[in-house]
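Data block below; observations after.
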Amino acid sequence: MKSVARQYFWWPGLDKDIEEFGKRCLTCRSSAHLRDKAALVKFKEAERPFERVHIDVLGPFKGKVYLIIVDAYSKWPEIVEMVGGADTNNTIEKLRKCFARNAPHESTGETPAQRMFGRRLRTRFDLLNKPKVEEAADRQTEHFTGGREMEFSEGETVLVRDYRDPGKPRWELAVIKGKPGSRTYICQPLSDPELEWKRHTDQIIKREISEKKMLRT
141 MKSVARQYFW WPGLDKDIEE FGKRCLTCRS SAHLRDKAAL VKFKEAERPF ERVHIDVLGP
201 FKGKVYLIIV DAYSKWPEIV EMVGGADTNN TIEKLRKCFA RNAPHESTGE TPAQRMFGRR
261 LRTRFDLLNK PKVEEAADRQ TEHFTGGREM EFSEGETVLV RDYRDPGKPR WELAVIKGKP
321 GSRTYICQPL SDPELEWKRH TDQIIKREIS EKKMLRT
C-alpha cells in the first residue's frame, strides 16, 4: 500500500499515516496476511515410545478422511483411513487398536509386538542415530522462528482466520468464548453465532479498531 501511494503522493510522515490508517481499516485487516508465529510453548520431551502422541484428522482428501497419529518420542507416524467418518466412537476405536499394538504394557513394560516375537521389531527409524532428548529439544527451539506474545480475553472481539473457503482464507470478526489450551482459543464468528471455531494464537489478531471508528469508516 505504501509503495503504491509513494508513486503519486508524498507528505511528511506518509508511511506512518498509512500504517495508522491500515490499523483502523477493517477491510484492510480482513485481507491481511498471517502475522508472525507465537512464541514456542514446548511439551515435556517424551522419554519412551508412546508416552505421548499427537493426533489430527486429514481430509477429506480425494473423498477419504485419515487419522494421523505421531509418536512424540520416535516421530513414528501411523495413518489410518477413517471408514465411516471421523466421529468420536470411530476415532476411539482406531486409537485403541494403535495403542494395543505399539504401546508398552503396564505389567510387562514391553509392547505386545515385542512380547509376541521375542524381540523389538526393526523399523526404518533404526537406520538413524537416536538423538539425545536434550539435543532434540535444543534443535527444535533453535530452528523455531516465532516470537509473537499475544493474549486474548474471553468476550474480546478479534479477527480470526476463516477457512470456509480453503482457497481464499480471510480474517473474520469473532468473539473469544474460551481458552482450552495455552495457545488455543474457542472463537464464535459474528457472521454465524451458531458456529464455534478452535483457533491457535497464530490464527488470531487484535481487532485494533473501536466501534465508533468502524462506523465512521
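Letter by letter, the sequence shown follows residues 141 to 357 in the working numbering. All C-beta atoms, glycine included, are put in the ideal place defined by N, C-alpha and C. Remember, it's a predicted structure, so these values are computed and weren't measured experimentally.
Count the CB pairs spanning the stretch 195 to 205 and the stretch 219 to 234 that are closer than 8 Å, and state whether there are at least three. yes
Are any of the Cβ atoms in chain B nearer than 8 Å to that of D332? Protein chains in the displayed structure number just one, and chain B is not present.
Work out the CA separation of V210 and A186 for me, nearest whole Å. Within the sequence shown, numbered from 1, the residue matching residue 186 stands at position 46. Within the sequence shown, numbered from 1, the residue matching residue 210 stands at position 70. A186 and V210: Cα-Cα distance of roughly 12 Å.
What are the start and end residues of the beta strand (DSSP E) that includes V197? In the sequence shown, the residue the question calls residue 197 occupies position 57. First-last of the beta strand (DSSP E) with V197: 193 to 201.
M290 and T228 closer than 8 Å at C-beta: The residue labelled residue 290 in the question sits at position 150 within the sequence shown. The residue labelled residue 228 in the question sits at position 88 within the sequence shown. No, these two residues do not count as a Cβ contact at 8 Å.
Check K215 in the structure and name its three-state DSSP category. By one-based count along the sequence shown, residue 215 stands at place 75. Three-state result, K215: coil.
Specify the secondary structure class of W337 as computed by DSSP and reduced to three states. Mapped onto the sequence shown, residue 337 falls at position 197. In the structure shown, W337 sits in a strand (DSSP, three-state: E or B).
Give me the residue from G295, A179, E250, Y213 with the minimum Cα distance to R192. Sequence index remark: in the sequence shown, residue 192 carries index 52 (1-based). Residue Y213 is the option with its Cα nearest to R192.
Pull up the distance between the alpha-carbon of S233 and that of I344, whole angstroms please. If you number the sequence shown from 1, residue 233 lands on position 93. If you number the sequence shown from 1, residue 344 lands on position 204. Residue identity check: residue 233 is Glu in the sequence provided, not Ser. Cα to Cα, E233 sits roughly 33 Å from I344.
Measuring CB to CB, does E312 end up less than 8 Å from P329? Here residue 312 is taken as the residue at index 172 of the sequence shown, counted from 1. Here residue 329 is taken as the residue at index 189 of the sequence shown, counted from 1. Their beta carbons are under 8 Å apart, which means E312 touches P329 by this criterion.
Which two residues bound the contiguous beta strand (DSSP E) that contains A178? Translated into positions along the sequence shown, residue 178 becomes position 38. Unbroken run through A178: none, as it is neither H nor E.
Neighbourhood of L355 by C-beta, 6 Å cutoff - its chain only, sequence neighbours within 5 removed: The residue you call residue 355 lines up with position 215 of the sequence shown. Caution applies to L355, whose pLDDT of 40 falls short of 50 and renders its modelled position unreliable; the value that the coordinates give is listed next. For L355, where only same-chain residues beyond five positions count, there are no Cβ hits under 6 Å.
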